[in-house]
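Structure, as structure tokens:
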Amino acid sequence: MWQGLASFVVAAILWEFLARVVVDNPLFFTSLTDIAIRGVELWKSGELQTHIWVSFIEFAGGYFLAAIFGILGGICMAASKTARGFFDPWVSMLYATPILALGPLFILWMGIGVASKIAVIFLVSVFPILINTLVGLTTTDRILLDVARSLGATPQQIYMKVRMPAALPYIIAGLRLSVARALVGVVVAELFGARAGLGFLILMSAQSFDTAAMFVGVIALAVAGVGSVAALKWVEEKMAPWRFENVDD
75 MWQGLASFVV AAILWEFLAR VVVDNPLFFT SLTDIAIRGV ELWKSGELQT
125 HIWVSFIEFA GGYFLAAIFG ILGGICMAAS KTARGFFDPW VSMLYATPIL
175 ALGPLFILWM GIGVASKIAV IFLVSVFPIL INTLVGLTTT DRILLDVARS
225 LGATPQQIYM KVRMPAALPY IIAGLRLSVA RALVGVVVAE LFGARAGLGF
275 LILMSAQSFD TAAMFVGVIA LAVAGVGSVA ALKWVEEKMA PWRFENVDD
């Protein structure tokens, strides 16, 4: 824990030194103190809260749907070779498609409201969850399966007591990967026709050369990413405590 805090302190000191001594041009690189002052100004005006809330709604909606459909889709593809063969080309194609190419299409189809943003975030974050769920369920240790069968476990018991617990770390890893992709999706979605949101704040600040406000939006997204990953790690520790036993500090 303290090592992570120390790294942040060192990074903050280096940032301040670079901004005030090396670069010395707030238009190109703003100091943390100036960013903090600008953040307080945006908070007092209520503007920052509005942007955070809009981005949170979009992120939560898209990520929640991605988690549900990703896990269920992975389970279905793992259970049926036919389903796997049918959907695998589509998963590969859509996973490799640049999200910037799809953003304008969703705006055209669904308008500039929240729905189009949620759709973009869903599409960009669903596939890591689906793929990791599929891999976790189809790579269960053969020894565990043989032991369960020798003890008389039914297929349903094997699935719930062996395959799902063994796949849980893969699923959590997919959820972690999707957090970062979902936050990228928030920014990308808000670049096309948004009226509010952290991505919109970053875009408008860049166009008006308000570098400090732009960094406020970037840091807010970074904090959201760190918090989301930490929350998922806590969930993993509660749901799969055996993975953290006998781990050196």
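Residue numbers (the numbering used here): 75 to 323. Every residue, glycine too, gets a C-beta built ideally from N, C-alpha and C.
| Check | Outcome |
| --- | --- |
| DSSP three-state assignment for Leu225, whether helix, strand or coil | coil |
| First and last residue of the uninterrupted alpha helix (DSSP H) at Ala93 | Element bounds for Ala93: n/a, residue is neither H nor E. |
| Pro239 versus Ala294, Leu218, Ala80, Leu225, residue with shortest Cα-Cα distance | Leu218 |
| Where the alpha helix (DSSP H) through Asn99 begins and ends | Careful: Asn99 lies outside any alpha helix (DSSP H) and carries neither H nor E. |
| Contact with chain C by Thr228, beta-carbon distance below 9 angstroms | Within the model displayed, chain C is absent; a lone protein chain is all it includes. |
| Residue nearest to His125 in terms of C-alpha spacing, selected from Val292, Gly177, Ile246, Arg255 | Val292 |
| Distance between Ile245 and Pro178 (C-alpha atoms, nearest Å) | 30 angstroms |
| Every unbroken alpha helix (DSSP H) within the region 274-314, with a cutoff of 4 residues, ordered by chain | 285-313 |
| CB of Ala270 within 9 angstroms of CB of Val114, strictly | no |
| When Thr214, Arg250, Pro243, Val188 are compared against Tyr233, the one with the closest alpha-carbon | Thr214 |
| Beta-carbon gap between Gly248 and Thr207 smaller than 9 angstroms | yes |
| Contact under 9 angstroms by Cβ, Arg112 with Ala280 | no |
| Closest residue to Val165 among Phe138, Leu197, Ala110, Arg94 (Cα-Cα distance) | Leu197 |
| Cβ shell of Gly379 (< 6 angstroms), same chain only, five flanking positions each side left out | Only positions 75 to 323 of the chain appear in this structure, which leaves residue 379 out of reach. |
| Residues near Val236 by beta carbon distance below 8 angstroms, same chain, minus five either side | Thr214, Leu218, Leu219, Ala222, Ala227 |
| Sub-9 angstroms separation of Ala141 and Ile195 beta-carbons | no |
| Classification of Thr104 by the beta-carbon crowding that lies within 10 angstroms, buried from 16 upward | buried |
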